[in-house]
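Undergrad:
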Amino acid sequence: MNNHLQQLNQNTNPTYMGLAIIPGYTMIDDYLAKIKVVLDKAITEHPRTFVVRFDLHLPIQPNCVDMPNVYDSTVISRFIESFKAHVKYDLIAKKREGKRVHDCTIRYIWTKEKNESQQAHYHVALLLNHDTYFTLGNYDGSGNNLASKVYSAWASALGIEYFSISRYVHFPQDTPTYCVNINSSTYISDYNRVFCRLSYLAKLETKVFGTKEKSFGYSLK
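Numbering-wise (the UniProt record's numbering), the sequence shown opens with residue 1 and increments by one.
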């Protein structure tokens, strides 16, 4: 067994610290703890936190040891930095237009997985200020909305044209966004629902261990 995997506490219980988690998987407690820390930090700074869930896919690459890995572990870091840049530019532009702008610390959680498909993919959650962003906008990537910023950031990270990026970004059809409002009467149930959804990123199944690349990452601030 991989040494790193041996050091991770695994959880087959239906809950973590009294919070429900996605059933049917072996969970990694260390990752669940990090998810909770990021969520709590977000809510502490932004009492109304907007959570967005989506998947990022990589273009198919030749399965050949002699071919360099074009999309190594830096690709998800490039995505995060590009997304932050898009948000920064958007807020500066709105200020110049005289619009009211709310500060927005961008927090994130991601996990890299590989199932039966040839290419790995990323599950990502972004945690934003709901007073700054409260909807994804059109999924087709048109217009200046949050979805288009995700598309643009992934296209930049992959180094491909924007017009072909939609096939590599997937927003879940059921519930891609959540709002957790600490002053809402439904705060506890909303918090529990979001944590349960995010716990999927902590599952052991389909994660890749034994390589130099990370399988899980999160914002530190």
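Glycine included, every Cβ here is placed at the ideal spot set by N, Cα and C.
This structure is a prediction, so every number in the text was calculated from the model and none was measured.
Drop a sphere of 10 angstroms on the beta-carbon of Y16, count the other beta-carbons inside from all chains shown, and report buried for 16 or more, exposed for fewer.
TA: Its Cβ being crowded by 16 or more others within 10 Å, Y16 is buried.
Undergrad: By the three-class DSSP mapping on this structure, what secondary structure does V87 have?
TA: Helix.
Undergrad: Closest by CA to I60, which one among L158, Y200, T175 and D174?
TA: Residue L158 is the option with its Cα nearest to I60.
Undergrad: Distance check for F54 and P172, CA to CA, integer angstroms please.
TA: Taking the straight line joining both Cα atoms gives about 6 Å.
Undergrad: Could you check the C-alpha separation between Y200 and D103 for me, to the nearest Å?
TA: Whole-angstrom Cα-Cα distance: 29 Å.
Undergrad: Would you mind reading off the limits of the beta strand (DSSP E) that contains Y122?
TA: Counting along the chain, the beta strand (DSSP E) containing Y122 begins and ends at H121 to N129.
Undergrad: Taking the beta strand (DSSP E) that N181 belongs to, which residues open and close that run?
TA: It spans T177 to N181 - the beta strand (DSSP E) in which N181 sits, taken as one unbroken run.
Undergrad: Examine the Cβ distances between the stretch 184-192 and the stretch 159-167 and report whether three or more of them are shorter than 8 Å.
TA: The stretch 184-192 is not in contact with the stretch 159-167.
Undergrad: Counting pairs of beta carbons, one from the stretch 69-87 and one from the stretch 36-45, are three or more of them closer than 8 Å?
TA: Result no; under three Cβ-Cβ pairs closer than 8 Å.
Undergrad: When we look at the beta-carbon of V208 and count the other beta-carbons within 10 Å, is it buried (16 or more) or exposed?
TA: Counting Cβ neighbours within 10 Å, V208 comes out exposed, since fewer than 16 surround it.
Undergrad: Who are N11's beta bridge partners in DSSP?
TA: BP columns for N11 point to M27.
Undergrad: Nearest to I182 by CA position, among V194, D174 and T175, is which residue?
TA: Per the Cα distances, V194.
Undergrad: Enumerate in chain order the residues of its own chain whose CB-to-CB distance from K95 is below 8 Å, with the five nearest sequence positions on each side excluded.
TA: Excluding residues within five positions, the ones whose Cβ falls inside 8 Å are V101.
Undergrad: Could you check which residue in K114, A125, E97 and A202 has the C-alpha nearest to that of R107?
TA: Checked all of K114, A125, E97 and A202; the closest Cα to R107 is A125.
Undergrad: Could you tell me which residues DSSP puts in a beta bridge with Y16?
TA: Answer by DSSP bridge pairing, in chain order: L19.
Undergrad: Which runs of the beta strand (DSSP E) fall wholly inside the stretch 87-115 and span at least 3 residues, in chain order?
TA: For the stretch 87-115, whole beta strand (DSSP E) runs of length 3 or above, ordered along the chain, are 107-113.
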